[in-house]
Amino acid sequence: MEIRRIDSSYKDKIVEIFLMSFEYFEPEESEFFFSDPSLWKYVWGAFDDEKLVAAYISYKYLAKIRTKPFECRYVEAVATLPEYRNKGITKAILLKDIQEALQSGVNFLMLDPFKHDFYVRFGFGLGFESLDFKFDFSLLSDEIEEDNLNIVSGKLLNSAEMQELIEKARKVLWETSRYTEAIEINACSQEIFHMKDLFGAVAVDKAGMPHAMMVYRKKERKMKVSNFSFIDLAGLFALKRFMLNHRDQIATFEMNRMPPDFPVELFFHSRWQAGKDLKIEDASSRMVRILDPLPVIKELMNRSISETVVIKIKDKLLPQNNLTIEIGKGTARLSEAPNDLEITISDLTPLLTGRLSPTRLWRHGRLRTDSWKNVPWGISEVPEKVKVLESIFPPFITHNAN
Ligand SMILES: CC(C)(COP(=O)(O)OP(=O)(O)OC[C@H]1O[C@@H](n2cnc3c(N)ncnc32)[C@H](O)[C@@H]1OP(=O)(O)O)[C@@H](O)C(=O)NCCC(=O)NCCS
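full-length UniProt numbering applies: residue 1 is where the sequence shown begins, and numbers increase by one.
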């Protein structure tokens with residue numbers, strides 16, 4: 001089995017593999033994605049003689065973790081022809097991709113998987129949170145602060161003004177947001193501008209600076225918002241005013257990929273009323289694979305803590321990551337000292353991103369001082385070294401909007 005990068009001449013063969021692998025794959029909708037030249041540096045194929053039997057795309061992606069930017073690879077469109085599955089082909093491509101990423105100094109892979117546990121076995125962990133909101137129009141409160149912002153709205157397809165405004169808002173979000181905003185290759189960031197049914201709304205001030213943006217579709221009196229991001233509260237209230245102005249067109253809303261600290265109280269007067277309720281569903285999906293733990297620990301740690309903790313990392317896929325690291329006093333270094341704590345590489349992900357605190361990981365038996373059988377669930381003193389690690393990696397609100 002040969003594994004190598006493939007160029008756009010394999011587009012039709014890839015489409016065939018996706019048609020065999022994904023129920024909802026519509027080649028016409030992906031036409032723009034596949035015809036963008038920025039994509040074709042990043043596509044892998046596996047060959048049985050000259051026959052393409054598996055595909056895997058892993059493109060350059062800038063993402064913030066704890067507000068620090070990192071170059072990552074975003075993996076998608078992983079598929080093997082049914083008759084070639086369970087022969088280790090995806091695993092072999094993943095290992096090649098990791099090797100290349102490491103050679104380019106890239107320390108993270110990210111993806112949104114078809115199911116979680118397939119990727120946990122490869123050392124990925126859930127890194128960022130998102131929520132879906134579903135609610136009736138009647139639950140929106142009419143509380144609106146005077147915001148002095150104007151809304152510019154319209155279809156995204158063929159509208160240079162809307163496209164520019166959305167790009168501008170995303171740029172400000174990348175610079176200012178506490179969340180995990182991302183900068184993708186052109187093929188992905190431009191994809192939404194080629195979808196026929198998408199609308200955008202951007203709240204701008206007198207100087208034309210965006211304060212908030214949303215991207216949505218409308219169908220059968222329902223507004224489905226796929227992105228809702230605000231730079232300040234004025235922006236939040238401006239978009240809420242825009243939604244309230246749909247009183248006679250829209251009966252229900254669905255807002256996807258909302259942050260876990262969204263100010264629900266500023267948006268809704270009640271969580272339920274007259275048989276209608278606000279449904280909040282966990283839709284967290286973004287997984288992260290740490291490829292080289294030492295440099296990213298150094299980069300993300302709180303350097304002001306004067307105590308240290310020795311932690312052992314276990315990685316089944318990448319043996320070079322089975323390391324013991326001393327963390328604290330402003331740095332992290334390899335250590336031969338006996339370890340205080342032990343963690344797998346996939347559980348290191350939520351600890352580093354801040355989604356789960358060391359205390360929570362310890363309570364789950366995932367960050368171990370000794371056997372998980374000794375971890376109490378009730379009132380108990382948290383081990384000293386877990387507290388030290390918590391001061392070095394405090395919990396952090398995580399969210400990926402895109
Ligand atoms: C998921 C998929 C890409 C796996 O490809 P593959 O080439 O068969 O994967 P591998 O043979 O390298 O499997 C790697 C490991 O995962 C296991 N595995 C394979 N398919 C699995 C599945 N569907 N569920 C759980 N585990 C699976 C294998 O047993 C193997 O385990 P091991 O390393 O312990 O032996 C393939 O089944 C597929 O194309 N599915 C349909 C499309 C899809 O869902 N893609 C994922 C999009 S993110």
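In this text, a Cβ means the ideal position worked out from N, Cα and C, and glycines have one as well.
Given that a residue counts as buried once 16 or more other Cβ atoms are within 10 Å of its Cβ, and exposed if not, what is Thr90? Thr90 is buried by the Cβ-count criterion.
Checklist entry - Can you tell me whether DSSP reads Phe199 as helix, strand or coil? => result The answer is strand: DSSP assigns Phe199 an E or B state.
Between the alpha carbons of Phe122 and Asp315, how many angstroms are there, rounded?
Between Phe122 and Asp315, the alpha-carbon positions lie close to 9 Å from each other.
**OP:** For Lys276, I'd like the list of residues in its chain whose CB is within less than 7 Å of its CB, leaving aside the five on either flank, ordered along the chain.
**Re:** Excluding five sequence positions before and after Lys276, the CB atoms of its chain that fall closer than 7 Å to its own CB belong to Asp136, Ser138, Leu139, given in chain order.
Requested in this report: Use the C-beta contact count for Arg286: other C-beta atoms within 10 angstroms, 16 or more gives buried, fewer gives exposed.
Outcome: So Arg286 counts as buried.
Could you compute how far the alpha carbon of Val388 sits from the alpha carbon of Glu307?
Looking at the two C-alpha atoms, the distance is approximately 7 Å.
Taking the continuous alpha helix (DSSP H) assigned at Ala92, which residues delimit it?
Taken as a continuous stretch (DSSP letters only), the alpha helix (DSSP H) holding Ala92 covers 89–103.
Handout entry: Beta-carbon proximity of Ile17 to Ala46, cut-off 7 Å
Key = Against a cut-off of 7 Å, the Cβ pair of Ala46 and Ile17 comes out as no contact.
Count the other CB atoms, across all protein chains shown, that sit within 10 Å of the CB of Lys180; report buried if there are 16 or more and exposed otherwise. The sequence shown places Thr at residue 180, rather than the Lys named in the question. Here Thr180 is buried. Its C-beta has 16 or more other C-beta atoms within 10 Å.
Kindly indicate which three-state DSSP category Arg45 falls into: helix, strand or coil? The question names Arg, yet the displayed sequence has Gly at residue 45. If DSSP states are grouped into helix, strand and coil, Gly45 belongs with the strands.
Within its chain, find whatever has a CB closer than 6 Å to the CB of Trp40; leave out the 5 residues flanking it on each side and keep chain order.
Closer than 6 Å at the Cβ level, and outside the excluded window around Trp40, lie Asp7, Ser8.
Self-check item: Inside the stretch 157–236 only - beta strand (DSSP E) runs reaching at least 3 residues
Solution: For the stretch 157–236, whole beta strand (DSSP E) runs of length 3 or above, ordered along the chain, are 182–184, 199–204, 210–219, 222–230.
- Query: For Leu111, which residues does DSSP report across the bridge?
  - Reply: The partner list for Leu111 (beta bridge, DSSP) reads Met287.
Exercise. Between the C-alpha atoms of Leu361 and Glu326, what's the straight-line distance to the nearest angstrom?
Worked result: Between Leu361 and Glu326, the C-alpha separation is close to 19 Å.
inquiry  = Using the Cβ count rule (16 or more neighbours within 10 Å means buried), how would you classify Tyr61?
reply    = That one is buried.
Which one or two residues does DSSP pair with Phe124 in a beta bridge? Under DSSP, Phe124 takes part in a beta bridge, and its partners are Arg289.
Can you give me the Cβ contacts of Asn186 inside the same chain, cut-off strictly under 7 Å, excluding the 5 residues immediately before and after it?
Excluding positions up to five away in sequence, the list reads Asp36, Ser38.
Notebook entry, point to check: Just to check, is the beta-carbon of Ile89 closer than 6 Å to a non-hydrogen atom of ligand 1?
Noted result: Result yes, Cβ under 6 Å from ligand 1.
| query | For Val78, is the beta carbon positioned less than 6 Å from some heavy atom of ligand 1? | reply | Checking every heavy atom of ligand 1 against the Cβ of Val78, one is found closer than 6 Å.
Suppose contacts are defined by Cβ-Cβ distances below 7 Å. Is Ile311 in contact with Pro293 by that definition? No, these two residues do not count as a Cβ contact at 7 Å.
#### Entry: Close-in-space but distant-in-sequence residues of the same chain around Ile280 (CB under 7 Å, 5 per side omitted)
Around Ile280: Leu131, Phe133.
- Query: Quick one: what's got a C-beta closer than 7 Å to Ala63's C-beta in the same chain, skipping five residues either side?
  - Reply: The answer, listed in chain order, is Phe70, Cys72, Met110, Thr180, Ala182.
request  = Drop a sphere of 10 angstroms on the beta-carbon of His116, count the other beta-carbons inside from all chains shown, and report buried for 16 or more, exposed for fewer.
outcome  = Exposed is the call here.
- request: For Asp261, collect the residues of the same chain with a Cβ closer than 6 Å to its Cβ; drop the 5 residues on either side in sequence, then sort them by chain order.
  value: Excluding sequence neighbours, Asp261 sits near Ile397.
By how many angstroms is the C-alpha of Leu126 removed from the C-alpha of Leu352?
Their Cα atoms are separated by approximately 11 Å.
Suppose the cutoff is 8 Å on Cβ atoms and the five residues either side in sequence are ignored; what does the same chain contact list for Ser304 look like?
These residues qualify, in order along the chain: Gly330.
task: Out of Asp112, Phe108, Met213, Leu95, state which residue places its alpha-carbon closest to the alpha-carbon of Asn150.
output: For the options Asp112, Phe108, Met213, Leu95, the alpha carbon positioned closest to that of Asn150 is the one of Met213.
Margin query: Going by beta-carbon coordinates alone, are Leu52 and Lys13 separated by less than 7 Å?
Written below: Note that the C-beta distance between Leu52 and Lys13 is below 7 Å.
key: Distance, Asp205 Cα to Lys298 Cα   = Just so you know, the alpha carbons of Lys298 and Asp205 end up roughly 40 Å apart.
| Which listed residue (Ser58, Asn245, Ala401, Ser104) has its alpha carbon closest to that of Ser153 | Put simply, of Ser58, Asn245, Ala401, Ser104 the residue whose alpha carbon is nearest the alpha carbon of Ser153 is Asn245.
Opposing strand residues paired with Ile305 [DSSP bridges]
Within the DSSP bridge table, the entry for Ile305 names no partner.
Practice problem: Under 7 Å Cβ to Cβ from Thr67, same chain only, skipping five residues before and after it: list those, please. | Solution: Counting only residues of its own chain and dropping the five nearest sequence neighbours on each side, Thr67 has a CB closer than 7 Å to the CB of Arg178.
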